[in-house]
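S.K.: The structure under discussion is supplied below as structure tokens; questions concerning it will follow.
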Amino acid sequence: MRLRAAVSAAVLLPILTAAPALAVANGSDVPAGQFGFAAKLTMTGIPLPSGSAYSSYCSAALIAPQWIITTGHCFHDANKNRVSGPVPYPTTVSLGLVDETKEKGVQRKVTQVLQAGPNDVALAQLDSPVTEVTPLAINSLVPGAGQRVTLAGWGSRTADNPVPSKQLQQGTMQVATVGATTIGIRGVAPQASTSACAYDTGAPYFAEGKLISVENNGPDCPHTGAETTSRVDILAEWIAQHTK
């Protein structure tokens with residue numbers, strides 16, 4: 001499965017960082033100045049049951065000056081149990097850029113984490129507000145099958161020895177199914193196999209300036225199957241309460 005591959009790659013990151021940087025599978029480059037709310041999380045010192053540690057990455061979105069939203073399981077203990085409270089390991093947030101080789105962007109650190117109850121979503125508080133980037137609004141309406149959305153993430157293009165991207169990528173996607181807490185989403189363009197990949201976990205799916213869902217998990221990439229994403233409309237009141 002994709003998450004297992006990502007963890008294995010994360011353990012080997014000191015070796016893999018010399019490889020070419022890739023991104024969302026079969027996606028396209030995000031133009032300069034677009035989607036500044038799309039964030040990259042760099043996490044170090046993540047504990048393992050053996051007592052050792054590793055580094056990894058997730059994607060996220062800025063939804064308030066001092067808050068980002070991502071997948072809940074990006075923050076966990078050594079046994080992979082989701083955790084709330086003080087950030088469990090050092091996590092740096094980069095946003096406000098599309099190309100890490102050319103832009104500095106905005107850097108912040110996560111201080112605390114709040115896990116949502118209904119689905120695999122977490123809010124993460126930053127050490128200081130971000131004023132340079134416009135946050136992504138939260139959708140409060142039930143998504144509909146067939147709705148077009150955009151995916152923006154910092155993930156890998158392949159499930160084989162994945163590495164995080166240095167270039168923000170995008171894809172046009174379509175809502176395939178709507179469940180009580182999740183949404184199934186398939187690729188549309190540039191290809192039907194445009195899909196999230198390792199390190200896209202937590203990436204935003206959005207339409208008309210509003211966040212529709214958050215990447216959770218899916219088949220190895222690239223693929224034409226449906227990604228499992230977490231609905232945010234069912235969390236709109238909870239999010240507003242904690243981020244105001």
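The sequence shown runs contiguously to residue 244 in the working numbering.
All C-beta atoms in this analysis are idealised placements derived from N, C-alpha and C, irrespective of residue type, glycine included.
To which residues does DSSP link Thr-150 through a beta bridge?
M.R.: To locate residue 150, count along the sequence shown from 1; it is residue 150. According to DSSP, which records beta bridges pairwise, Thr-150 is partnered with Thr-172 and Phe-206.
S.K.: Compare the Cα-Cα distances from Val-111 to each of Pro-86, Ala-122 and Ser-213 and report the closest residue.
M.R.: Within the sequence shown, the letter at position 111 stands for residue 111. It should be pointed out that residue 111 corresponds to Thr in this sequence rather than to Val. When only C-alpha atoms are compared, the closest one is Pro-86.
S.K.: Does the distance from the C-beta atom of Ala-122 to that of Leu-235 stay below 7 Å?
M.R.: As a position in the sequence shown, residue 122 is number 122, starting the count at 1. As a position in the sequence shown, residue 235 is number 235, starting the count at 1. For Ala-122 and Leu-235, no; Cβs fall outside 7 Å.
S.K.: Helix, strand or coil: how does DSSP classify Ala-196 here?
M.R.: Taking the sequence shown and counting its residues from 1, the one referred to as residue 196 is at position 196. Three-state result, Ala-196: coil.
S.K.: Count the other C-beta atoms from every protein chain shown that fall within 10 angstroms of the C-beta of Glu-132, then say buried if there are 16 or more, exposed otherwise.
M.R.: Residue numbering aside, residue 132 sits at position 132 when the sequence shown is read from its first letter. So Glu-132 ends up on the exposed side.
S.K.: Distance check for Val-175 and Ile-183, CA to CA, integer angstroms please.
M.R.: Counting from 1 along the sequence shown, the entry for residue 183 is found at position 183. Counting from 1 along the sequence shown, the entry for residue 175 is found at position 175. Each residue's Cα considered, the two are about 7 Å apart.
S.K.: Express the C-alpha separation of Thr-91 and Val-83 in angstroms, rounding to a whole number.
M.R.: For the purposes of this step, residue 83 is taken as residue 83 along the sequence shown, with counting starting at 1. For the purposes of this step, residue 91 is taken as residue 91 along the sequence shown, with counting starting at 1. Their backbone Cα atoms lie some 14 Å apart in a straight line.
S.K.: Since Ile-239 is in the alpha helix (DSSP H), which residue starts that stretch and which ends it?
M.R.: Stepping through the sequence shown from its first residue, residue 239 is reached at position 239. Here the alpha helix (DSSP H) through Ile-239 covers 236–243.
S.K.: Is Cys-74 helix, strand or coil when you go by DSSP?
M.R.: Counting from one through the sequence shown, the residue named residue 74 turns up at place 74. Three-state DSSP puts Cys-74 in a helix.
S.K.: Candidates Lys-40, Val-30 and Phe-35: which alpha carbon is nearest Thr-201's?
M.R.: As a working mapping, residue 201 is identified with position 201 in the sequence shown. Comparing Cα-Cα distances from Thr-201 to each of Lys-40, Val-30 and Phe-35, the minimum goes to Lys-40.
S.K.: Might you give, ordered along the chain, the residues of its own chain that have their beta carbon closer than 6 Å to the beta carbon of Pro-47, omitting 5 neighbours on each side?
M.R.: Against the sequence shown, residue 47 aligns to sequence position 47. Taken in chain order, the residues that qualify are Ala-53 and Ala-78.
S.K.: When the Cα of Cys-221 is compared with those of Ser-230, Tyr-199, Leu-97 and Gln-66, which residue comes out closest?
M.R.: In the sequence shown, counting from the first residue as 1, residue 221 sits at position 221. With distances taken between Cα atoms, Cys-221 lies closest to Tyr-199.
S.K.: What number of angstroms, rounded off, separates the C-alpha of Pro-88 from the C-alpha of Phe-75?
M.R.: The count along the sequence shown starts at 1 and reaches residue 88 at position 88. The count along the sequence shown starts at 1 and reaches residue 75 at position 75. Spanning the two alpha carbons is a distance of roughly 7 Å.
S.K.: Excluding the five sequence neighbours on either side, which residues of its own chain have a C-beta within less than 6 Å of the C-beta of Thr-134, listed in chain order?
M.R.: As a position in the sequence shown, residue 134 is number 134, starting the count at 1. So the list is empty, once near-sequence residues are dropped.
S.K.: Would you say Gln-167 and Asp-233 are within 7 Å of each other, going by their C-beta atoms?
M.R.: As a first step, residue 167 must be located in the sequence shown, where it is residue number 167. As a first step, residue 233 must be located in the sequence shown, where it is residue number 233. The answer is no: Cβ separation not under 7 Å.
S.K.: For the beta strand (DSSP E) that Cys-221 lies in, which residues bound it at each end?
M.R.: Reading the sequence shown from its first residue, position 221 is the one you call residue 221. No beta strand (DSSP E) holds Cys-221; DSSP gives it neither H nor E.
S.K.: For Leu-126 versus Ile-63, is the C-beta spacing smaller than 7 Å?
M.R.: Translated into positions along the sequence shown, residue 126 becomes position 126. Translated into positions along the sequence shown, residue 63 becomes position 63. Taking 7 Å as the Cβ cut-off, Leu-126 and Ile-63 do not qualify as a contacting pair.
S.K.: Which same chain residues, not among the five before or five after Leu-114, have their C-beta less than 7 Å away from its C-beta?
M.R.: Here the question's residue 114 lines up with position 114 in the sequence shown. For Leu-114, where only same-chain residues beyond five positions count, the Cβ hits under 7 Å are Ser-84, Ala-122, Leu-123 and His-242.
S.K.: Given that a residue counts as buried once 16 or more other Cβ atoms are within 10 Å of its Cβ, and exposed if not, what is Arg-108?
M.R.: Indexing the sequence shown from 1 puts residue 108 at position 108. So Arg-108 ends up on the buried side.
S.K.: Kindly indicate the opening and closing residues of the beta strand (DSSP E) around Arg-231.
M.R.: One-based indexing of the sequence shown puts residue 231 at position 231. Where Arg-231 is concerned, the enclosing beta strand (DSSP E) stretches over 227–231.
S.K.: So what's Gly-51 in DSSP terms, helix, strand or just coil?
M.R.: Taking the sequence shown and counting its residues from 1, the one referred to as residue 51 is at position 51. Residue state, collapsed to three classes: coil.
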